[in-house]
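Everything on this sheet refers to the single structure shown next.
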Amino acid sequence: MKVGIIGLGLMGGSLALSLKNLPFIHEIVGSDHNKEHQKQALELSLVKKIVEFEEIKKCDLIILAVPVDGIISIIDQLTDVDENTTIIDFGSTKEKIVKSIPDKIRKNVVAAHPMTGTEFFGPYAAIEGLYTDSVVVLCDLEDSGEHQKETAIKLFDALCMKISYMHAHEHDRHTAFISHMPHAISYSLANTVIKQENREDILTLAAGGFRSMSRLAKSSPAMWEDVFKQNKDNVLEAIELFEKELQNFKKHIKDENWNELHKDMQDANTLYNIFS
3 MKVGIIGLGL MGGSLALSLK NLPFIHEIVG SDHNKEHQKQ ALELSLVKKI
53 VEFEEIKKCD LIILAVPVDG IISIIDQLTD VDENTTIIDF GSTKEKIVKS
103 IPDKIRKNVV AAHPMTGTEF FGPYAAIEGL YTDSVVVLCD LEDSGEHQKE
153 TAIKLFDALC MKISYMHAHE HDRHTAFISH MPHAISYSLA NTVIKQENRE
203 DILTLAAGGF RSMSRLAKSS PAMWEDVFKQ NKDNVLEAIE LFEKELQNFK
253 KHIKDENWNE LHKDMQDANT LYNIFS
């Protein structure tokens, strides 16, 4: 199988490293609009070569690992691929992407969201094994062709991923709470501190708690701007519900209602019973 990866940053680059170990992958080529990323991807041997878009179209498997607005644009340019070509998008939102797929190639496309990553981006952020034991959500799989379903499942099984199935709308609402809202909070927290504290105080006093909560603020603004645009309504709902909880917390402290504050914190502790 010849694989073409569009987008050679964290997600695309990490995938390329893992694909090299799979016996059914014959060749991996890449494409990236960023010339520096192209150079770095070759230096790191993430892909065999950088190719033009027309050669990507001839691949058996095409992976779209770019920001979500870019995915919609690229899919529009893939309407002339072979009927047996499999296109898998790695977008963090799904509903708008799925709705944008031209009817002519709907069966070619598998809408996927690998629930993994780090706060770093670019080819140097690529990690071998990033996908191992992570969840991948496949959305509206009933609309993909049989060959494309089999290819996607074979790929993610070989990467040792845990496959989950959802409708795109359901996926976008869940990820707004689990992924998108936490990024919005982390960006806001970082800006709050930057506007109040000087650099020296931040470096001197910032301990594990702040570093953990602000870690996501290092994530790519270009990628997350697109995510917030595409999942706007769900993200706003999640932020509003978070604001309500924060206001309750603020009120308990202001009113010195320590019993209610303690109860709210105990309720929050139960989240980690789910993970254990």
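One point on numbering: in my numbering, the residue at position 96 of the sequence shown is 98, and numbering is uninterrupted. The C-beta atom is built at its ideal place from N, Cα and C for all residues, glycine as well.
* Should I180 be labelled buried (16 or more other beta-carbon atoms within 10 Å of its own) or exposed? -> In the sequence shown, the residue the question calls residue 180 occupies position 178. I180 should be labelled exposed.
* To do: Could you check if G131 is buried or exposed, using at least 16 other CB atoms within 10 Å of its CB as the buried criterion?
  => Stepping through the sequence shown from its first residue, residue 131 is reached at position 129. By the neighbour-count rule (16 or more Cβ atoms within 10 Å), G131 is not buried but exposed.
* **Start and end residues, beta strand (DSSP E) containing P116** => The count along the sequence shown starts at 1 and reaches residue 116 at position 114. Counting along the chain, the beta strand (DSSP E) containing P116 begins and ends at V111 to M117.
* Where P223 and L191 are concerned, what is the direct C-alpha to C-alpha distance, given to the nearest angstrom? -> Position 221 of the sequence shown, counted from the start, is the residue given in the question as residue 223. Position 189 of the sequence shown, counted from the start, is the residue given in the question as residue 191. Approximately 15 Å, taken between the alpha carbons.
* Between the beta-carbon of A113 and the beta-carbon of H182, is there less than 8 Å? -> For the purposes of this step, residue 113 is taken as the residue at position 111 of the sequence shown. For the purposes of this step, residue 182 is taken as the residue at position 180 of the sequence shown. Not a contact, by the Cβ cut-off of 8 Å.
* How would you call M267, buried or exposed, if buried means at least 16 neighbouring beta carbons within 10 angstroms? -> Working through the sequence shown from its first residue, we reach residue 267 at position 265. Within a 10 Å sphere around the beta-carbon of M267 sit fewer than 16 other beta-carbons, which makes this residue exposed.
* In angstroms, rounded to a whole number, what distance separates the CA positions of K4 and H28? -> Walking along the sequence shown from the start, residue 4 turns up at place 2. Walking along the sequence shown from the start, residue 28 turns up at place 26. When rounded, the distance between both Cα atoms is 6 Å.
* With burial defined as no fewer than 16 other Cβ atoms inside 10 Å of the residue's Cβ, what is the status of H264: buried or exposed? -> As a working mapping, residue 264 is identified with position 262 in the sequence shown. Its Cβ having fewer than 16 others within 10 Å, H264 is exposed.
* **Own chain residues within Cβ distance below 6 Å of K98, not counting five before or after** => Position 96 of the sequence shown, counted from the start, is the residue given in the question as residue 98. Cβ within range, chain order: Q232.
* **I155 versus L17 - alpha carbon distance** => Position 153 of the sequence shown holds residue 155. Position 15 of the sequence shown holds residue 17. Taking the straight line from one Cα to the other gives about 15 Å.
* Asked: Can you tell me the Cα-Cα spacing of N261 and L248, whole angstroms?
  -> Against the sequence shown, residue 261 aligns to sequence position 259. Against the sequence shown, residue 248 aligns to sequence position 246. Each residue's Cα considered, the two are about 16 Å apart.
* I65 to T120, Cα distance in whole Å? -> Taking the sequence shown and counting its residues from 1, one reaches residue 65 at position 63. Taking the sequence shown and counting its residues from 1, one reaches residue 120 at position 118. I65 and T120: Cα-Cα distance of roughly 19 Å.
* Can you check whether the CB of G6 is closer than 8 Å to the CB of C61? -> Walking along the sequence shown from the start, residue 61 turns up at place 59. Walking along the sequence shown from the start, residue 6 turns up at place 4. Yes, the pair counts as a contact, with Cβ atoms nearer than the cut-off.
* **Own chain residues within Cβ distance below 7 Å of N118, not counting five before or after** => Within the sequence shown, residue 118 is the residue found at index 116, counting from 1. Per the sequence presented here, residue 118 reads as Thr, with Asn not at that position. Result list for T118: L132, Y133 and S136, in chain order.
* **Per-residue burial, G211 [other beta carbons within 10 Å of its own, 16 or more giving buried]** => Here the question's residue 211 lines up with position 209 in the sequence shown. Classification of G211: exposed, given that the 10 Å Cβ count is below 16.
* Going by the CB atoms, is the gap between G11 and G308 shorter than 8 Å? -> It is not possible to answer for residue 308, since the shown part of the chain is limited to 3 through 278.
* Helix, strand or coil: which one does DSSP assign to S20? -> Along the sequence shown, one-based indexing puts residue 20 at 18. Reduced to three states, the DSSP call for S20 is helix.
* Take every Cβ of the segment 73-89, pair it with every Cβ of the segment 146-163, and state whether three or more of those distances are shorter than 8 Å. => yes
* Entirely enclosed alpha helix (DSSP H) segments - the segment 151-233, minimum 4 residues -> If one requires a minimum length of 4 residues, the alpha helix (DSSP H) runs lying completely within the segment 151-233 are 170-177, 183-198, 201-207, 210-216 and 223-232, in chain order.
* Reduced DSSP secondary structure (H/G/I, E/B, other) of L63 -> Here residue 63 refers to the residue found at position 61 of the sequence shown. Reduced to three states, the DSSP call for L63 is strand.
* Quick one, which of Y167, E202, K220 and E172 has its alpha-carbon nearest I187's? -> As a working note, residue 187 is residue 185 in the sequence shown. The shortest Cα separation from I187 among Y167, E202, K220 and E172 belongs to K220.
* Per-residue DSSP class, three states only, for L46 -> Here residue 46 is taken as the residue at index 44 of the sequence shown, counted from 1. Looking at L46 - three-state DSSP - the assignment turns out to be coil, as it is neither helix nor strand.
* Return the chain-ordered list of same chain residues with a C-beta closer than 8 Å to the C-beta of E54, the five sequence neighbours on each side being excluded. => Along the sequence shown, one-based indexing puts residue 54 at 52. Within the same chain, E54 has close Cβ partners S33.
* Under the three-state DSSP convention, the category S75 falls into -> Within the sequence shown, the letter at position 73 stands for residue 75. Looking at S75 - three-state DSSP - the assignment turns out to be helix.
* Roughly how many angstroms separate the alpha carbons of N110 and R217, rounded to a whole number? -> Indexing the sequence shown from 1 puts residue 110 at position 108. Indexing the sequence shown from 1 puts residue 217 at position 215. Straight-line Cα distance between these residues: approximately 37 Å.
* Classify L140 as buried or exposed, calling it buried when 16 or more other Cβ atoms lie within 10 Å of its own Cβ. => Looking up residue 140 in the sequence shown gives position 138. When all chains shown are included, L140 counts as buried.
* Asked: Which class does L10 belong to by DSSP, given the choice of helix, strand or coil?
  -> Numbered from its first residue, the sequence shown carries residue 10 at position 8. Here L10 sits in coil by DSSP.
* Asked: What span of residues does the beta strand (DSSP E) with D91 cover, start to end?
  -> Here the question's residue 91 lines up with position 89 in the sequence shown. That run of the beta strand (DSSP E) goes T88 to D91.
* Cβ-Cβ separation, D145 to R108 (assumed contact under 8 Å), whole Å -> As a first step, residue 108 must be located in the sequence shown, where it is residue number 106. As a first step, residue 145 must be located in the sequence shown, where it is residue number 143. 6 Å between Cβ atoms; contact.
* Can you tell which of H171, T177 and K101 has its C-alpha closest to the C-alpha of D78? -> On the sequence shown, residue 78 is found 76 positions in, with the first residue counted as 1. For D78, the nearest C-alpha among the options comes from K101.
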